[in-house]
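Here is the structure we will look at, set down as structure tokens.
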Amino acid sequence: MVERIDTLVVGAGQAGIAMSEHLGQLGVPHLVLEKNRVAEAWRSGRWDALVANGPAWHDRFPNREHDSCGPDDFPAKEKVADYLCSYAEMVGAPIRTGIEVRRATRLPGRSGFRVETSQGVIEAQRIIAATGAFQYPVIPPLVPGDAGVTQLHSFDYRNPGQLPDGAVLVVGGGSSGAQIADELNRAGRRVFLSIGAHDRPPRAYRGRDYCWWLGVLGLWDQAALEPGREHVAIAVSGAYGGATMDFRRLASEGITLVGVTRSFENGALHFADDLAANIADGDANYLSVLDAADAYAERMGLDLPEEPEARVAWPDPDCLTDPILELDLAQEGISTILWATGFRQDFGWLEVDAFDGAGRPVHQRGVSCEPGVYFLGLPWQSRRGSTFIWGVWHDAKHVADQIAIQRSYEAYSPAEAWA
Ligand SMILES: Cc1cc2nc3c(=O)[nH]c(=O)nc-3n(C[C@H](O)[C@H](O)[C@H](O)COP(=O)(O)OP(=O)(O)OC[C@H]3O[C@@H](n4cnc5c(N)ncnc54)[C@H](O)[C@@H]3O)c2cc1C
């Protein structure tokens, strides 16, 4: 007997849970399959000390608050996972864990899909891929495996004690790279940090967290990425109570900054001469948020405390004025390269015509070009916030609405036979 279901959601992270809530509210029969545990990424896919990048009042679904910490605290990763698990229970999400979806193909000659799982076959009228934007770690192929240095991705990093003794080069100036470099430096490691293009909004300004500012300024809901900014990382942190990610400050605390990691030759790493430009662009982004916040506060007549000190920059460190373009691993005692260089997605299991030549989903706000196939949790699926906890909830609502609309057309039959 083949099990049949109207809508199959693949993945029970925040996207799958939000999807289930909205499908449930619209009465769409559905099932969520998860190959690991609910919210697994928040348990085993993050380093030990990670806390949410946004405060608890913000990084949540609209219908429930975090109860493990105060609203302005940054919940620890396990607490975020617990929150998502209890949310799934609250909405009665029909989740089956420990079941991997291995292949989905269109049923020949009729509507729906044949879905092969690790525990048998299911037929579904619709499939929603909620398998996450940050699935598989990407390490650029720059340093050979036999270069005599430990290499690992931020996805596999847990804590400083896990790394062999010696200095560490962290590659990537986004939130992961910056936070891990900071953690290693505080643990007494000698740290080099390779920084590319980045935004670095203030942690807070004039008494409001940047999550609030980006919200009121409409930036979380900004619909499209500006061309040319596809590879700009965001450096923010809720660690140690939350502080603005300021690379000059990190340098003053002992971290050596370098530009983009370019190549490896004869035991030495080579860096682009772009550190000053990347830092300057990050500063410009930081100041643009302050300017926009000030303008908004004035226009709205908000009575918020002035904060002129937020515009005072830390002094330029030597590594910025006299950039290092080459590092000999042995000479510097670098025993580990930690790549905080991002992730890729893999939809290899979904054998349908919903992808472009590069394997990217072709969709509009999650509704794919292949009837019956939907995506959720994609970067910029509908807005900047689409991959984040609060953003995916709104995208899930849209996808569920579209499914309900399709189901109403499918349910139609003419009152009388056509003459
Ligand atoms: C280091 C890091 C920190 C982050 N911090 C924040 C933060 O502070 N605030 C915030 O809002 N966002 C944060 N994010 C972004 C985002 O919230 C998380 O990445 C979140 O886990 C994405 O949720 P998701 O449900 O889309 O994907 P995931 O959580 O990755 O869930 C997808 C699920 O699908 C399952 N799956 C995959 N393939 C299959 C298959 N074939 N069959 C069955 N199951 C499958 C996986 O096991 C997984 O559980 C962070 C991301 C990273 C990488």
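Under the working numbering, the residues of the sequence shown are numbered 18 to 436, in order. The C-beta atom is built at its ideal place from N, Cα and C for all residues, glycine as well. Source: prediction; values computed, not measured.
Within the region 182-259, ranges of the alpha helix (DSSP H) (whole runs, at least 4 residues): As far as the region 182-259 is concerned, its whole alpha helix (DSSP H) runs of at least 4 residues are 192-203 and 227-233.
Output needed for Trp331: all residues of its chain with C-beta closer than 7 Å, excluding positions within five of it in sequence on either side, in chain order. Within the same chain, Trp331 has close Cβ partners Asp263, Arg265, Arg266 and Ser269.
In terms of residues, what are the limits of the alpha helix (DSSP H) holding Ser37? Per DSSP, Ser37 is one residue of the alpha helix (DSSP H) stretching across Gln31 to Gln42.
Please classify Gln31: is it buried, with 16 or more other beta-carbons within 10 angstroms of its beta-carbon, or exposed? That one is buried.
Glu343 lies in the beta strand (DSSP E); which residues open and close that run? Per DSSP, Glu343 belongs to the beta strand (DSSP E) from Glu343 to Asp345.
Does the Cβ of Ile406 lie closer than 6 Å to at least one heavy atom of ligand 1? For Ile406, the distance from the CB to the nearest heavy atom of ligand 1 is below 6 Å.
Kindly indicate which three-state DSSP category Ser449 falls into: helix, strand or coil? Coverage of the chain is limited to positions 18 through 436, which leaves residue 449 absent and any answer about it impossible.
Selection from Leu292, Leu124 and Glu315 that minimises the alpha carbon distance to Glu343: A check of alpha carbon separations from Glu343 across Leu292, Leu124 and Glu315 identifies Leu292 as the nearest.
Considering only C-alpha positions, which residue in the set Val132, Ser399 and Thr353 is nearest to Leu201? Minimum Cα distance to Leu201 is reached at Thr353.
Any chain C beta carbon closer than 7 Å to Gly205: Of the protein chains in this structure there is only one, and it is not chain C.
Identify which residue in Glu315, Pro161, Ser403 and Ser254 has its Cα closest to the Cα of Thr283. The amino acid at residue 283 is misidentified as Thr; the sequence shows Asn. The option with the nearest alpha carbon to Asn283 is Pro161.
Rounding to the nearest angstrom, what Cα-Cα distance links Pro92 and Leu67 in this structure? Spanning the two alpha carbons is a distance of roughly 9 Å.
On a Cα-Cα basis, can you pick out the residue from Gly259, Ser399 and Ala195 that is closest to Ala357? Ranking Gly259, Ser399 and Ala195 by CA distance to the CA of Ala357 puts Ala195 first.
How big is the Cα-Cα spacing for Phe130 and Phe392? Taking the straight line joining both Cα atoms gives about 15 Å.
Uninterrupted alpha helix (DSSP H) stretches inside the region 92-160 (no shorter than 4 residues): Within the region 92-160, the runs of alpha helix (DSSP H) at least 4 residues long that lie entirely inside it are, in chain order, 94-107.
Taking the beta carbon of Gly276 as the centre, do at least 16 other beta carbons fall within 10 Å, making it buried, or is it exposed? Buried, by the Cβ-count rule.
Selection from Ala432, Val369 and Trp230 that minimises the alpha carbon distance to Pro125: Check the Cα spacing between Pro125 and each of Ala432, Val369 and Trp230: the tightest is with Val369.
Using the Cα positions of Gln419 and Arg223, report the straight-line distance between them to the nearest angstrom. Straight-line Cα distance between these residues: approximately 40 Å.
Buried or exposed by the 16-neighbour rule on C-beta atoms within 10 Å, applied to Tyr303: Tyr303 counts as buried, since at least 16 other C-beta atoms from the protein chains shown sit within 10 angstroms of its C-beta.
For the beta strand (DSSP E) containing Asp23, list its first residue and its last residue. Looking at the DSSP string, the run of the beta strand (DSSP E) that includes Asp23 is Glu20 to Val27.
In whole angstroms, what is the alpha-carbon distance linking Leu231 and Ser211? Cα to Cα, Leu231 sits roughly 27 Å from Ser211.
Would you please state the rounded distance, in angstroms, between the beta carbons of Ala241 and Asp298? I believe it to be under 8 Å. At roughly 20 Å, the Cβ-Cβ gap does not stay under 8 Å, so Ala241 and Asp298 are not in contact.
Would you identify the three-state DSSP class for Gln362, choosing helix, strand or coil? In the three-state scheme derived from DSSP, where H, G and I count as helix and E and B as strand, Gln362 is classed as coil.
Straight-line Cα distance separating Arg400 from Leu355: The C-alpha of Arg400 is placed about 30 Å away from the C-alpha of Leu355.
Give a yes or no on contact between the region 50-62 and the region 72-89, applying the rule of three or more CB pairs nearer than 8 Å. No contact exists between the region 50-62 and the region 72-89.
Rounded separation between His287 and Gly191 - CA only: Taking the CA atoms as reference points, His287 sits about 20 Å from Gly191.
Consult DSSP for Gly54 and reduce its assignment to one of helix, strand or coil. For the sequence presented, residue 54 should be read as Arg rather than Gly. In the displayed model, Arg54 falls within coil according to three-state DSSP, outside both helix and strand.
Does ligand 1 have even one heavy atom less than 6 Å from the beta-carbon of Gln31? Under cutoff, so the answer is yes.
Assuming Val45 and Ala29 are in contact, meaning their beta carbons sit under 8 Å apart, how far apart are those beta carbons, in whole angstroms? Rounded, the Cβ-Cβ distance is 17 Å, inconsistent with contact.
Should Leu50 be counted as a contact of ligand 1 given a C-beta to heavy atom distance under 6 Å? Relative to ligand 1, Leu50 has its C-beta within less than 6 Å of a heavy atom.
Take Pro88 and list the residues in its own chain whose beta-carbon comes closer than 6 Å to its own, dropping the five residues that flank it on each side. By the criterion of a C-beta distance shorter than 6 Å, Pro88 is surrounded in its chain by Ala73 and Trp74, once the five residues flanking it on both sides are discounted.
According to the Cβ coordinates, are Ala150 and Thr404 closer than 7 Å? In terms of Cβ geometry, Ala150 and Thr404 form a close pair [threshold 7 Å].
Please determine, among Leu307, Val118, Thr148 and Pro181, the residue with the shortest C-alpha to C-alpha distance to Ala141. Ala141 has its Cα closest to that of Val118, out of Leu307, Val118, Thr148 and Pro181.
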